[in-house]
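Residue numbers (this note's numbering), protein chains in the order written: chain V, 2 to 290; chain S, 2 to 290; chain R, 295 to 676; chain D, 295 to 676.
For each residue, glycine too, the CB sits at the ideal point set by N, CA and C.
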Amino acid sequence: MSVLVDDDTRVIVQGITGGEGKFHAEQMIEYGTNVVAGAVPGKGGQEVDGVPVYDTVEGAAREEDADASVIFVPPAFAGDAVFEALDAPIDLAVAITEGIPTQDMAKVNKRLGEVDTRLIGPNCPGIITPGEAKLGILPGNIFSSGNVGLVSRSGTLTYQVVDNLTDRGLGQTTAIGIGGDPIIGTDFVDALELFEADEDTEAVAMCGEIGGEDEEQAAKYIAEHMDTPVAGFIAGRTAPPGKRMGHAGAIVSGSGTGTAESKINALNDAGVPVGDTPEEVADHIEDLL
Amino acid sequence: MSVLVDDDTRVIVQGITGGEGKFHAEQMIEYGTNVVAGAVPGKGGQEVDGVPVYDTVEGAAREEDADASVIFVPPAFAGDAVFEALDAPIDLAVAITEGIPTQDMAKVNKRLGEVDTRLIGPNCPGIITPGEAKLGILPGNIFSSGNVGLVSRSGTLTYQVVDNLTDRGLGQTTAIGIGGDPIIGTDFVDALELFEADEDTEAVAMCGEIGGEDEEQAAKYIAEHMDTPVAGFIAGRTAPPGKRMGHAGAIVSGSGTGTAESKINALNDAGVPVGDTPEEVADHIEDLL
Amino acid sequence: MKLHEYQAKQVFADAGIPTPAAELAESVDEVLAAAEDIGYPVAVKAQVQVGGRGKAGGIKLVENDDEAREAAEDILGMDLKGIHVDRVLVEEAVDFTNELYVGVTMDRGEGKPVAMVSTRGGVNIEEVAEEDPDAIVREHVDPAFGMHPYQARKAVYEAGVDRAVANDVASVLRTLYQLWESRDGSDAEINPLMVTADDEVIAADAVMNIDEDALFRQPELAEMEDESAGGDALEQKADEYGFDYVRLDGNVGIIGNGAGLVMTTLDLVDHYGGSPANFLDVGGGAKAERIANALDMVFSDDNVDSVVFNIFGGITRGDEVARGINEALEQFDEIPKPVVVRLAGTNWEEGLEILNEDLVTVEQTLEDAVQRAVEYAEEVEA
Amino acid sequence: MKLHEYQAKQVFADAGIPTPAAELAESVDEVLAAAEDIGYPVAVKAQVQVGGRGKAGGIKLVENDDEAREAAEDILGMDLKGIHVDRVLVEEAVDFTNELYVGVTMDRGEGKPVAMVSTRGGVNIEEVAEEDPDAIVREHVDPAFGMHPYQARKAVYEAGVDRAVANDVASVLRTLYQLWESRDGSDAEINPLMVTADDEVIAADAVMNIDEDALFRQPELAEMEDESAGGDALEQKADEYGFDYVRLDGNVGIIGNGAGLVMTTLDLVDHYGGSPANFLDVGGGAKAERIANALDMVFSDDNVDSVVFNIFGGITRGDEVARGINEALEQFDEIPKPVVVRLAGTNWEEGLEILNEDLVTVEQTLEDAVQRAVEYAEEVEA
């Protein structure tokens, strides 16, 4: 079992004719993902690695009966691409693009409240169900199938934690990179809900970072609604206030909200052990299983 | 019984310090309507005829526990006033104002899909439950209490039909003027649904006119969902295509949609007798009771 | 309010939509000078707001000065479906390989804007809509978000527009939507949007109708309305008075309060065998002077043989109406056309007391009043 | 990206928000000339982007030429919290009876914009938010519709703004929202918005921060960024290279790929008793040259005693990283600062094969690499 994606998921790649889109479409196909179409305005009728390209997401979804879309579109056009995916409609949109203007995402966020499509990202590595499907840019080879769910605001930190897990034989049901932007489609609570409902997920590793209050809300959700045990990690303990640490969302505000301390305390209060190092997260997960 | 308004309805008047707002607030109070507040930006703290005025609709609704608002605000500001009422929130907003730009109403229409507030109008005479409450500009004295529901796109035509009904002792449960604009909050189908659900309404008089397809949709609804009998009237049989007959919404398009003929046929097909004169509508209602 | 072709094209061009080189001309000499500037061949196009200008001889393609002079002489001053032509647009003739249609309007059934694209441009689009509705692709727009770029592309691709110009057409459509929105359009249309041999797109005609109710916030466009005056003299006068007025073909003049009631009065005139001369709604709460103006207007229509006054007072008061009728009629030695009055609603009794029954015929019911007015008109005609 | 006060005020004034008369000056003479133009009293305000300018002596109110000269001499050239002052704004001193606060920002928790109004302007608003949250009225805005006029009024009335200026304040707030939206603001603030004795409102300070990710569509504002250059030289250099870089106080230089992983590396340095000198994220898919640039940058920071390189390859390839490290280090006769490298993920084995192990220390795990770098730094300091 898994959440959101598996080997039945029929995937569109938006931006499949671009450098990044083409490269990762190939990687996804190689991993076994069922990539059924590309969508690029003006490129309808072409093929990329045997995948038919359509001018519109709606056309791709209709003709190829797709249910998910991965978005590799430059930031200036990515907000529009997400809207196109939401309105196609499809069930799941995964926006990899980094650097989408925040006001574009606020509009997307409004639209998300009106449709049934789930959005993951933007500015995220994507989602993978090991051995079945990956939608995004995660390096498939470090993942292994198992019973640990993983949700993270970060890309490479995710890989680090997965590496630590896989090293000691702790495979994953599904790993979700929710992204490092201030406004994202799927947040920790959404992802934790999915793992809680998944029969095969027996523990969840959650990698947060400074900025916002998502982790605090997740802690509340865990305390109130989760039976599945969770172990956590929070990056950015040493980040000074007012400085954006790479991710647009990773910033401790001048008024002191969004600190690692607040998040770690909230998680601890919810009974979630938080590792000081990625290695320790794997330790905790091992203990919880 | 009645629909939407009765003597418990607690009413705000938006624009109560303006000429029209003040005049009709007095008329409403005189009729027995429970007018509990006015709302006019910058006039908070004043009183009009003993009614306290607030700066915001939200303040008026909160402090006076109001559940409805009647809007007498000039067209340039009326769209904003309707938004303010929808967001207050209150249960029922009645917009009397004529001449609100259509694009403002399209935005209001979008918002109506997101809130629970019902809007009547704009460009309408309002709603009256004889002997209990009137919200709007209808002349109270021609109405009488009874078991006929009335819904109309027009103001004075409504009075004409009510006069014909009242003349022969056919009183009304509630009369709703839905307004003559192209985009309105409550349409025929909405009003018919309310009357169908009202135990005391034993027949409905429906006054339509040329333009749009509301009457055709109403005919469909009547055929499929109504047990309560309906009699109809359609104004504008002699209107030439392409000319706007007073109401912004009363226009037969160049392509011929919105004709009286189409509406009359649709109603007849749904088993609704349509009068050639207002007098004949009263005849039909008498027959149906 | 309708903009003239030349006005709409200016608005479109200012927003970045490609339009042909063109100049407005009001005399034969100006036409020749404009053609000189632009270079032959040019089209000479009557600037009047009627459909089917081309078929009616209001558009001519000319190759040289002689043809231009002849066309200018023919078109300037001609009467096109009842409208006098006093201006022509002299416009670069565009060679095209394809004619598209793009438009934006309000879909009142959905209560939201709709953008339309068709590859069957250059012909009456309402006929296309009737015969082959699928030939027009419709994309509804959420008015809160405005038109997303993907929506313009989607409509264009779905309509089957050639991929070589699809992006440009999508861009024109999006600009057209933004104009329609920002300028409070009721309809905005380009038909045809021409595609040239080297894959340029160009707006060969332009329609932009403005929501009358929004003119208060479109001062620049409201100004154009004055410029574009023309048409029926009585309708212009009604505009000045602020009446909702429509002139019709019949001989029974009709005055009332409220659009629905006036329409009903028209219908009843027809029902009882008469023929309505006009729709005139004095609106709510009319005072005596306004009533007198209305009567004055209807009298000044030569087609009118009798007048029916139908007032159901809500905020309009019967006594004010009666006073206005007296005022208007007392100025005549002889009443020019018989007037039938029916008063109901607020203060109808006071009204009837005031009304000078030597000058008008009073009836109690709508039906009786209309029948009487029809009879009077028949008597005049007989 | 933060605009300077004078830039933000210009943007606000262009949109119709009242601001005091003001001129920018870069020398004592210019200050005197500006004061002459404006008329005493004026304020001389350092144009540097640090909080608490006033307390730090960066703002002075002057009544005459002598005072102006003294203030200009004091402020121009001063070092304000580490930033050199090379420009001052000379501004009309406004007499006020009241100081308000208005602001617009993105509420990331709600994922929508929020407008704020408070009657407690003129002080640190974050302190007000902490001590007395109810003193700030918050009105969320639907980004699809924008801010409705009634929302601005509602916020202003709820905040208890005096009715005499409420309409003007609401209008300023709405303009501020529209600016924030149209100019891709992240934060826009007026603190204080002064109210004068004759009920005028005037923006006495102005904050406008722009979403960096949206600068591509704000060319006019992007231009201002170049103008407003200043601050840390290394952070400017990082900007040129396109690195996400933050300078810190410690002595262990840190380079990695991906924000979360680099933050984690910082945290581990701290965890193992060291002190991070910087945050440097090379981003995804970095090529050799980019890696060399990163190393070059960190070396040029005098505080750095050792460097830890932590790459977990996804789209970044270990062999490219190794090539870049070799490139950067092979130019030195002697490696300036010890470098510890940890490679994992895509092509890590190829990377380690390529890597010149004479020049760097290789560790297999993140934890080991960080510990080793901390040890090196301690040795240098010892």
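- Contact note: D561/R reaches chain S through I235, A236, G237, R238, T239, A240, A261, D277 and T278, using a C-beta cutoff of 9 Å and chain order.
- Of all residues in the segment 450-461 of chain R, only Y451, R457, A460 and N461 come within less than 7 Å of chain V when Cβ atoms are compared, listed by chain position.
- By the Cβ neighbour-count rule, G371/D is exposed, with fewer than 16 other Cβ atoms within 10 Å of its own.
- V52/V: member of the beta strand (DSSP E) spanning V52 to Y55, first to last residue.
- Distances from the alpha-carbon of R11/V to those of E225/V, K264/V, Q173/V and D68/V put D68/V closest.
- Between the alpha carbons of D284/V and E657/D lies a distance of about 21 Å.
- The Cβ neighbour count for S321/R, taken over all protein chains shown within 10 Å, is under 16; the residue is labelled exposed.
- By the C-beta density criterion, V109/V is buried, having at least 16 other C-beta atoms within 10 angstroms.
- The C-beta of T391/R has fewer than 16 other C-beta atoms within 10 Å across all chains shown, which makes the residue exposed.
- Look at Y160/V: its C-beta is under 8 Å from a C-beta on chain D.
- When Cβ-Cβ separations below 8 Å define contact, I609/R makes contact with chain S.
- With a threshold of 8 Å between beta carbons, E214/S makes contact with chain R.
- In this structure, L151/S sits near V162/S, with a CB-CB distance shorter than 8 Å.
- Not a single CB atom of chain R sits nearer than 8 Å to the CB of P274/S.
- When C-alpha distances from A453/D are compared across F593/D, V305/D and L394/D, the shortest belongs to L394/D.
- Per DSSP, reduced to three states, the secondary structure at M502/D is strand.
- L653/D sits in coil when the DSSP states are folded into three classes, being neither helix nor strand.
- For the segment 388-406 of chain D, the residues whose beta carbon sits under 7 Å from a beta carbon of chain V are, in order, M400, R402, G403, G405 and K406.
- Within a 10 Å sphere around the beta-carbon of K135/V sit 16 or more other beta-carbons, which makes this residue buried.
- Interface annotation, S480/D: in contact with chain V, CB-CB separation under 8 Å.
- The beta strand (DSSP E) runs of length 3 or more contained entirely in the segment 214-275 of chain V are, from start to end of the chain, 231-236.
- Cβ proximity to chain V below 8 Å picks out D538, V540, L542, G550, N551, G552, A553, G554, L555, V556, M557, T558, L560, D561 and L562 from the segment 530-562 of chain D.
- For the segment 128-161 of chain S, the residues whose beta carbon sits under 9 Å from a beta carbon of chain R are, in order, I138, L139, P140, N142, I143, S153, R154, S155, G156, T157, L158, T159, Y160 and Q161.
- Counting only the Cα atoms, F510/R lies some 41 Å from A671/R.
- Between the alpha carbons of I496/D and D428/D lies a distance of about 24 Å.
- Per DSSP, the beta bridge partners of M400/D are P407/D.
- At a cut-off of 8 Å between beta-carbon atoms, P437/D makes contact with chain V.
- Here R169/S is exposed. Its C-beta has fewer than 16 other C-beta atoms within 10 Å.
- By the 16-neighbour rule on beta-carbons within 10 angstroms, N124/V is buried.
- Counting the other Cβ atoms within 10 Å of the Cβ of F196/S gives 16 or more, which makes it buried.
- Judged by their CB atoms, L326/D and A362/D are nearer to each other than the 8 Å cut-off.
- When secondary structure is reduced to three states using DSSP, M207/V falls in the strand class.
- Here the segment 477-489 of chain D makes contact with the segment 405-424 of chain D; the two share three or more CB pairs at distances below 8 Å.
- Closest in alpha carbon position to G137/S, among V149/S, L120/S and N148/S, is L120/S.
- With fewer than three CB-CB distances shorter than 8 Å, the segment 584-592 of chain R does not count as touching the segment 309-318 of chain R.
- Residue ranges of uninterrupted beta strand (DSSP E) with 3 or more members, entirely inside the segment 575-618 of chain R and ordered along the chain, are 600-607.
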